[in-house]
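**Student:** In our numbering, the protein residues as written are 930 to 1203.
For glycine and all other residues, C-beta sits at the position ideal for the given N, C-alpha and C.
Quantities reported herein were computed from a predicted structural model and do not represent experimental measurements.
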Ligand SMILES: C[S@@+](CC[C@H](N)C(=O)[O-])C[C@H]1O[C@@H](n2cnc3c(N)ncnc32)[C@H](O)[C@@H]1O
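(1) Kindly indicate which three-state DSSP category residue 1204 falls into: helix, strand or coil?
(2) Which residues in the same chain have their Cβ closer than 6 angstroms to the Cβ of residue 1163, if we skip the five residues on either side of it in sequence?
(3) Residue range of the alpha helix (DSSP H) that residue 1018 falls in?
(4) Nearest to residue 1042 by CA position, among 1032, 1017, 1070, is which residue?
(5) Relative to the alpha-carbon of residue 1148, which residue among 955, 1169, 964, 1055 has its alpha-carbon at the smallest distance?
(6) Residue range of the beta strand (DSSP E) that residue 1001 falls in?
(7) Return yes when the C-beta of residue 1146 is under 7 angstroms from any heavy atom of ligand 1, and no when it is not.
(8) When you compare only the Cα positions, how much space is there between residue 1174 and residue 1121?
(9) Could you tell me whether any non-hydrogen atom of ligand 1 is closer than 7 angstroms to the CB of residue 961?
(10) When the Cα atoms are used, what is the spatial distance from residue 1017 to residue 1023?
(11) How is the beta strand (DSSP E) around residue 1117 delimited, first residue to last?
(12) Report yes or no: do three or more beta-carbon pairs, one from the segment 978 to 998 and one from the segment 1100 to 1109, lie closer than 8 angstroms?
(13) Could you tell me the distance, in whole angstroms, from the CA atom of residue 1019 to the CA atom of residue 1049?
(14) Give a yes or no on whether the C-beta atoms belonging to residue 976 and residue 1063 are separated by under 8 angstroms.
(15) For residue 1092 and residue 1161, what's the separation of their Cα atoms in angstroms?
(16) Could you check whether residue 1000 and residue 951 sit closer than 8 angstroms to each other, using their CB atoms as the reference points?
(17) Let me know if residue 1189 comes out buried or exposed under the rule of 16 or more other beta-carbons within 10 Å of its beta-carbon.
(18) Looking at the structure shown, is residue 1194 part of a helix, part of a strand, or coil, going by DSSP?
(19) Spell out the partners DSSP gives residue 883 in its beta bridges.
(20) Quick check: is any heavy atom of ligand 1 less than 7 angstroms from the C-beta of residue 1174?
(21) DSSP on residue 1173, reduced to helix/strand/coil?
(22) Taking the DSSP output, what are the residues bridged to residue 981?
(23) With respect to the alpha helix (DSSP H) encompassing residue 1185, which residues constitute its N-terminal and C-terminal limits?
(24) Hey, out of 978, 968, 1182, 966, whose CA is closest to residue 1084's CA?
(25) Mapping DSSP to helix, strand and coil, what is residue 1076?
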C-alpha cells in the first residue's frame, strides 16, 4: 500500500470546521542498526514518509533513508532517560494522524518485541486512527546472525526465551526457574543494569556457573562489541570493559559457537574465555 493512500476510515476528525480524513500510522521496525537489515516495505515506507517519529535506537543509516523534506520528531527512550513519556508519544501520534498526514513511527528492532508497539497500536485504534505494523529484525535475530550464535541448535538449545531485564515496576523479578532450564538459550533485552542480579539468580537456580554467556553492544553496527565469558564471571567482565547500552545478553551453550561461526564477520572481541 502506498504511503500516500488515505485510510478509508469512517471516523474522521474535524479541524477548523472542515472534515479531513485521518492519516494512518505505520509502526515500522528499523532493525538493530544495520540499514541493510530493513525489510523492503520498511525502506519504502520510510523513504516516502512526510513525518517520522523516531526513537533513540534507530540507526543513522536508517535515518539517512528518510526523505530530506520530511518532518523528523525525536522522542528518545534511552534507558532511564525518556525524552517524551509514553502517553505523550501516544497523544502525539494521534494528533499528527488527525492533521491528515500518514505518520511513520520508527522503532528499533521489531515494534512488537519489547518496543511498546502493542501499547501504541491500542491507543491509536482507541482513537479511531488506522495503524499498520511493518515488522523489523529484532536485536536477538540480527545479533545472532552477525556474531555466529544461532538461537537454537540441535546440539545445544531446543528452545529460546526472550525476556527483559527491566520490568515496568523497576524490579528484576523474573521467572528464574524457567530461565535456568538446561538446553535452551536465554536472550535478555535491557538487562545490563541488572546483570549481576541476573547472573546470580540464574546460578542460584541451578544454571552452572561455567555456562557460556555473552553481552553484545551495538550489535550489527560498525561499533559492535562482543564480550563472552562464563556466566559466573560475566557481570565482573562487563563492568571492567565498561560496556554500555544498547546491549543484549545471551546465555547458553550456543555462545560457544561464536568462536567458530563468528569468524566470518570481524568484530571487536573483549574476551573469549567461555
Ligand atoms: C526497548 S528495547 C527495544 C527492542 C527492539 N524492539 C528489538 O526488537 O530489538 C531496547 C533493548 O534492545 C536491545 N537492543 C536493541 N538494539 C540493539 C543492538 N543493536 N545491540 C544490542 N542490543 C540491542 C538492548 O537490550 C536494548 O536495551
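**Tutor:** If we stick to the structure as given:
(1) Since the first and last residues shown for the chain are 930 and 1203, residue 1204 lies out of range.
(2) So the qualifying residues of the chain are 1128, 1142.
(3) Residues 1015 to 1027.
(4) If we check each option's Cα against that of residue 1042, 1070 comes out closest.
(5) Checked all of 955, 1169, 964, 1055; the closest Cα to residue 1148 is 964.
(6) Residues 1000 to 1005.
(7) It does: the Cβ of residue 1146 is within 7 angstroms (strictly closer) of some heavy atom of ligand 1.
(8) If I take the Cα positions, the gap works out to 7 angstroms.
(9) Yes - ligand 1 has a heavy atom lying nearer than 7 angstroms to the Cβ of residue 961.
(10) Their Cα atoms are separated by approximately 10 angstroms.
(11) Run containing residue 1117: 1113 to 1118, per the beta strand (DSSP E) assignment.
(12) The segment 978 to 998 is not in contact with the segment 1100 to 1109.
(13) In a straight line, the C-alpha of residue 1019 is about 6 angstroms away from that of residue 1049.
(14) With respect to the 8 angstroms criterion, residue 976 and residue 1063 are not classified as neighbours on the basis of their beta carbons.
(15) Going from the Cα of residue 1092 to the Cα of residue 1161 covers about 20 angstroms.
(16) Contact flag unset, no.
(17) Answer is exposed; the Cβ neighbour count stays below 16.
(18) Note: residue 1194 maps to coil in three-state DSSP.
(19) No answer is possible for residue 883: the residues shown for the chain start at 930 and end at 1203.
(20) Yes, the beta carbon of residue 1174 sits closer than 7 angstroms to at least one heavy atom of ligand 1.
(21) Here residue 1173 sits in coil by DSSP.
(22) In the DSSP output, where bridge partners are listed per residue, residue 981 has 1001, 1033.
(23) Premise fails: residue 1185 is in no alpha helix (DSSP H) and is neither H nor E.
(24) When C-alpha distances from residue 1084 are compared across 978, 968, 1182, 966, the shortest belongs to 1182.
(25) Of the three classes helix, strand and coil, the one that applies to residue 1076 here is helix, per DSSP.
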